[in-house]
Each structure stands twice: as C-alpha cells, then as structure tokens.
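See below for the structure under consideration.
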Amino acid sequence: MKNSFTEFTDTYSKNIIENTTNYIETVTNNSLLKESMIYSLTAGGKRIRPMLFLAMIKTFSNLEISDYCKIAGSIEMIHTYSLIHDDLPEMDNDDLRRGKLTNHKKFGVGPAVLAGDGLLTMSFNLISTSEKITDDKKIELISILSEYSGTSGMISGQMTDITNENKKLNLEELVSLHMRKTGDLLIASILMGLVISDSNDEIKAKMKKFGKNIGLAFQVKDDILDQVSNEEIMGKKTHKDLKKGKNTFPSLIGLDASKKYLNDLILEAKQILNSIDIDTKLIESFLEYFNLGE
Ligand code: GRG
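In short: position in the sequence shown from 1, add 7, done, that's the working numbering.
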C-alpha cells in the first residue's frame, strides 16, 4: 500500500519534471546537450529531495504546492548533475544508474561532464526566473542551495570521499564525509521549503537536525544495501564498496551495528517531528523509506 509521501510524490513529480524539461528545451541551444540533460533527469529516481522541499511547504504553510514545482525542479537538477559526475570513470565509474545506462555510457564522457555542468548552472537560473517568490526569497534560496551543494557541502564531501579510498577513516570522519556528500543537499531541500513557508527559527533548527539524521541514515542504508542487496533491486551495481576499498559504515562498525545505527537515527528523527506542535504525518511517512524490509 502506498503511504502519504509516496502519494504526494505521485501527485507532483510529473509537474516537477515537466517544468524542468520544458525549461531545458526552451533555453538550451545544442541538441545533444538538451538530450543528455533530459535523459538523466527523466531516467527515473525517487525525487526525494524536491518532494521533501514540497512536503515542508505542505506541512508548514497553506501555500499552493504546484506554484513551487519549478523551484523543486532546481533541486532535482543539482542532484542529477551530482549523480552524472559521480558515475564518471574518474569518480565512481558506474555503467548503470536508475536502472539505465549512465550518462557517459550513453553519450560519452565529454557530453556527460557538460550535461552535469548544464544542470548545475541551470538550477540557479531556474530559481532566478520563478514568478512565484520575491527577489529576497530567490536570493535566500540560491544562497542555501549553492552553499549546501558547494565547496563546504556536497562537493567537499565528494572530494574527501574520492581522495580517501584505501585509507581508513574513523567513525567521526566517516560521519562528517557523508553529512556533506549526502546530507547537505537533503538539508538544503528542507531549509528551502521552510524559507518559502516563512517558518520560525525554532522550526528551522529542529528540521535541520531532522535533515542531518535522514542525511546520515540515507548513506548508512545505502552502505548496508550495497553489502546485502543486488543489482536488479538497486538499479546499479552492488558489492562495489568493498572492491573499491571504500570506507563504509558496515566495514567500520559491522553490519548489525550499522542497522542499529540506522534505526537510532530514524527514531530520533521521529522524536524531532513529535516535538513539533503541528501535523507532521506527511513528513513522518517519508521515514518508512528507511525500513530495510527485514
Ligand atoms: C559529483 C559533486 C559530486 C557529488 C556527488 C550524491 C553524490 C555526490 C554521490 C552519490 C553517491 C551515492 C550513491 C551516495 C549514496 C546516497 C545517494 C545520494 C544515493 C542516490 O540518491 P537517491 O537514492 O537517487 O535519492 P535517485 O536515483 O532515487 O534520485
């Protein structure tokens, strides 16, 4: 049975993808660039980050959700660019993503780098052209998204990751790496939704902590599944981490302790939601994503 977050995703993800692909079609004047950007954006994916952004607006305001699908698309553009670049031979070297050929396998390395660059730069342009928010809010959103996906956030986490293969990190270093690489874009999505909702500082602080927990949980789950799942279920190669000498939670603290860690992070995230005096059921239903199905 679908939970409310999945139904929410079904309702709005088409609108998000239509907004972004229409924009790419309109402003891009090279057909290969257009095709390669749209290929990866429409290749599937759970749309977790744009949906978290919209779920904040739904939960913390009375605004019309469809007015913000264009901005939600800007977040998915950043996420998709990061996946295209992460899959490149000089990074994680993957042939499959979202169950399809990776961008560079389909179009070549050069076009894949440029498709990623195109999505990255277009993301901010998309926010700047939104008719639904004030200029002050545009600046705030662009500032959050560029900071958290940038050189103190996702990009710095990725740099630590690729330069520390075959070098053992301790738990604190591993947590810091993944907070930046995976957590920060999720936190940005949440904070951007709260900016639109005009939420107060207390809600922002609580939901930022919630974002940190789910960001970390995301990676712990990914590490666990890389060890115990298979390519058919994941839509990408599994058992890669060990082969590549990657630092993972199971390799550092063991599989059972990783599962307990995941559980504790989600429990704490639920407690944060329970401490907010508002109906947060939609956000809470997202947490079912972290069930390992055991
Ligand atoms: C190249 C600057 C740069 C950054 C790459 C996101 C990232 C940073 C790398 C991805 C590595 C990875 C597999 C991380 C595990 C968690 C994660 C972000 C998985 C992919 O996100 P999902 O599951 O993907 O939301 P879909 O396809 O559903 O959108």
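The beta carbon of each residue, even a glycine, is placed where N, CA and C say it ideally should be.
Using 7 Å as the cut-off, classify the Cβ of residue i as near or not near the heavy atoms of the ligand GRG, replying yes or no.
i: Met-84; result: no
i: Arg-187; result: no
i: Tyr-125; result: A quick correction: the sequence has Gly, not Tyr, at residue 125. No, since every heavy atom of the ligand GRG falls outside the 7 Å radius drawn around the Cβ of Gly-125.
i: Phe-297; result: no
i: Met-7; result: As shown, the chain starts at 8 and ends at 301. That puts residue 7 outside it, with no answer to give.
i: Met-44; result: no
i: Met-129; result: no
i: His-111; result: no
i: Leu-90; result: yes
i: Gly-309; result: An answer regarding residue 309 cannot be provided, because it is not within the stretch 8 to 301 covered by the chain.
i: Asp-17; result: no
i: Lys-219; result: no
i: Ile-197; result: no
i: Phe-114; result: no
i: Asp-229; result: yes
i: Ile-273; result: no
i: Met-161; result: yes
i: Asp-93; result: yes
Can you tell which of the options has the C-alpha that lies nearest to the C-alpha of residue i?
i: Gln-165; options: Met-186, Leu-259, Ile-64; result: Met-186
i: Arg-56; options: Thr-109, Glu-25, Val-116, Phe-293; result: Phe-293
i: Ile-146; options: Ile-78, Glu-83, Glu-295; result: Ile-78
i: Met-130; options: Phe-67, Met-214, Gly-157; result: According to the sequence shown, residue 130 is Ser rather than Met. Checked all of Phe-67, Met-214, Gly-157; the closest Cα to Ser-130 is Gly-157.
i: Gly-51; options: Lys-144, Met-214, Leu-274, Ser-20; result: Ser-20
i: Ala-224; options: Phe-114, Ile-31, Leu-299, Arg-104; result: Leu-299
Given a threshold of 16 other Cβ atoms within 10 Å of its Cβ, counted over all protein chains shown, does residue i qualify as buried or as exposed?
i: Ser-81; result: buried
i: Ser-282; result: exposed
i: Met-98; result: exposed
i: Ala-264; result: exposed
i: Pro-257; result: buried
i: Lys-228; result: buried
i: Ile-64; result: buried
i: Ile-23; result: buried
i: Pro-118; result: buried
i: Thr-136; result: exposed
i: Ile-203; result: buried
What runs of the beta strand (DSSP E), each 3 residues or longer, lie entirely inside the segment 26-73?
none
Inside the segment 93-177 only - alpha helix (DSSP H) runs reaching at least 4 residues
110-114, 116-135, 142-156, 161-169
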